[in-house]
Amino acid sequence: MDVELLARGDGHAHGPVVLPPAEERTEKVLRGPAKTTGPVMDKIRIRGGRPLNGTIAIGGAKNAALPLMAASLLTDQKLTLTNVPELADIETLLRLLEQHGVEMSRENRRLDLTGSEIISTTAPYELVRKMRASVLVLGPILARAHQAKVSLPGGCAIGARPVDLHLKALTQMGADITVEQGYIEAQAKNGLRGAHIVFPQVSVGATENILLAATLAEGETILENAAREPEISDLAHCLIAMGAQIEGVGSDRLTITGVKALHGTTHAIMPDRIEAGTYAIATAITGGTVELEGARLDHIDALAHKMREAGVTIDERNGGVFVNRANRDLIGVDAMTEPFPGFPTDLQAQFMALMTRAKGASMLTETIFENRFMHVPELQRMGANINLHGSSAMVRGVGKLTGAPVMASDLRASASLVIAALAAEGETEIARVYHLDRGYECLEQKLTGVGAEVERVGD
Ligand code: EPZ
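And the structure:
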């Protein structure tokens, strides 16, 4: 297949997508105490109608942890990460890093990673196919070892998700890149060099990959139209503590001056804003009152704004986030997904579940991924009134949702079904729970702890 086509991902499905086998076969092999593990075909059974009340502790952010772990490939010294969540995606990346030669030890939420030597510059399909974020090893390995061979991640349930922006930027930095037999093969014989890169579109992953690579490139790299997600600032702060020179952190223009080598450090991973947002919405739909311990309101500002418009109280309290919707109706509000600081695509499905119970109508528009409405038919099975018009969903609030057997299709779609189930009359059984295990740690325990009736059952 044509290199450009493959890299753009145009070889993958665009329309309504049947889940790829890779997603279906995702394994859950967690190391250490893994309270959310179980047979792959587990289901979650929820009896709805109980308001959530109490405190939920928010864990470390999966989407910050993954690029931070990839940063261990940039140095021969030890990188210690704390507040590491116990999730299937973390385990997948550990296995990949291990085969590149990174030595690791883990105790509770602390992870030591030492990449004394890169013993393999190849990231094989068998590991990369399990998680697209694996492509984040490309930049660091290429920067340190001057060559890398990384499998193309392939299609994904929520959209084509190409990596062309990553490859174009690395090419600008002097890499020679080809795509052969499903693998990205990159060479930079004399090392990467700084470049002025203007991303034509905001990409979290491309910004992270190039930020990682640029720390060891020769000279100055400027990234314009860079993503501004808090996970990128978290990565930048860790890299700076490792000796990298980065200016403009938190803005859409990052300037990185390459250094000869990075050193080790200890870094605490930021709290998971999507987990926090998910539980905030779950609290709101059940009419409860919950404190999200450790969550940061400034990370979920766009969501908080919409929730307030919808009639929910959400503010900062005791260093966390307080959510309350006791004795008040929900009101339908419109929302459109955008890169940070806009409304996150990773909370669109959950917010839609909330809007199914609001008074009036709500128009939700997805602008980041072309196929991120797979929760819609499942929510409809629970009684939701939703009409899809291209990239927008018109949600008309209904008086009640009813429990039903439903199917999880991707991580955040699964979370939206959990939220709907918490507010539904009767029992909901959500199949394919392994999707949830990729990004929500101890989901049943956290929900049970605030009064929900949730249990994991075998197939
Ligand atoms: C990250 O994915 C997150 N994953 C996603 O979270 C999140 O939904 C997404 O950012 C957007 O916020 C991780 O951080 C591990 P992008 P990423 O590159 O980096 C297109 C979750 O549920 N694009 O910002 O893959 C792309 O197709 C996950 O936790 C190109 O066209 O997202 C998409 O339409 C799901 N070419 C848009 O840009 C490229 O080379 C944004 O994607 C790269 C991206």
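Per my numbering, the sequence shown starts with residue -4, numbered consecutively.
Glycine included, every Cβ here is placed at the ideal spot set by N, Cα and C.
Owing to the predicted nature of the structure, the values given are computational and were not obtained by experimental measurement.
- DSSP places Ala152 in the coil class of the three-state scheme, outside both helix and strand.
- Under the DSSP assignment, Phe317 falls in the beta strand (DSSP E) whose first and last residues are 315 to 319.
- Annotated as distal: Thr210 and Leu187, with beta-carbon spacing of 7 Å or more.
- Counted as a single uninterrupted DSSP element, the stretch harbouring Met237 is not any beta strand (DSSP E), since DSSP gives it neither H nor E.
- Counting every other CB atom within 10 Å of its CB across the protein chains shown gives Glu81 a total of 16 or more, marking it as buried.
- For Asp107, the closest of Thr77, Asn366, Ile114, Tyr120 by C-alpha to C-alpha distance is Thr77.
- Per the C-alpha coordinates, the member of Arg90, Met369, Met99, Arg40 positioned closest to Glu121 is Arg90.
- With contacts defined by Cβ atoms closer than 7 Å, Pro135 and Leu206 do not form a contacting pair.
- Here the distance from the Cβ of Leu406 to the nearest heavy atom of the ligand EPZ is below 6 Å.
- Here Asn380 carries a strand assignment [DSSP, helix/strand/coil].
- Taking one beta carbon from each stretch, the stretch 293 to 303 and the stretch 246 to 260 have fewer than 3 pairs nearer than 8 Å; the two do not touch.
- In this model, Pro46 and Gly253 are separated by some 52 Å (Cα to Cα).
- At least one heavy atom of the ligand EPZ lies closer than 6 Å to the C-beta of Asn58.
- Under the Cβ criterion (8 Å, minimum of three pairs), the stretch 157 to 175 does not count as touching the stretch 91 to 99.
- At least one heavy atom of the ligand EPZ falls within 6 Å of the beta-carbon of Asp159.
- Relative to the non-hydrogen atoms of the ligand EPZ, the Cβ of Ile363 comes within a distance shorter than 6 Å of at least one.
- If you draw a 10 Å sphere on the C-beta of Leu383, you find fewer than 16 other C-beta atoms in it, and that means exposed.
- Taken in chain order, the unbroken stretches of alpha helix (DSSP H) that lie wholly in the stretch 299 to 351 and span 4 residues or more are 343 to 350.
- If you draw a 10 Å sphere on the C-beta of Asn204, you find 16 or more other C-beta atoms in it, and that means buried.
- Judged by DSSP secondary structure, Glu203 falls outside any beta strand (DSSP E) and instead within the alpha helix (DSSP H) spanning 199 to 209.
- Counting only unbroken stretches of 4 or more residues, the alpha helix (DSSP H) elements lying wholly within the stretch 81 to 118 are 83 to 95, in sequence order.
- Around the beta carbon of Glu270, a 10 Å sphere encloses 16 or more other beta carbons of the protein chains shown; the residue is thus reported as buried.
- For the pair Ala305 and Leu287, the Cα-to-Cα distance works out to about 19 Å.
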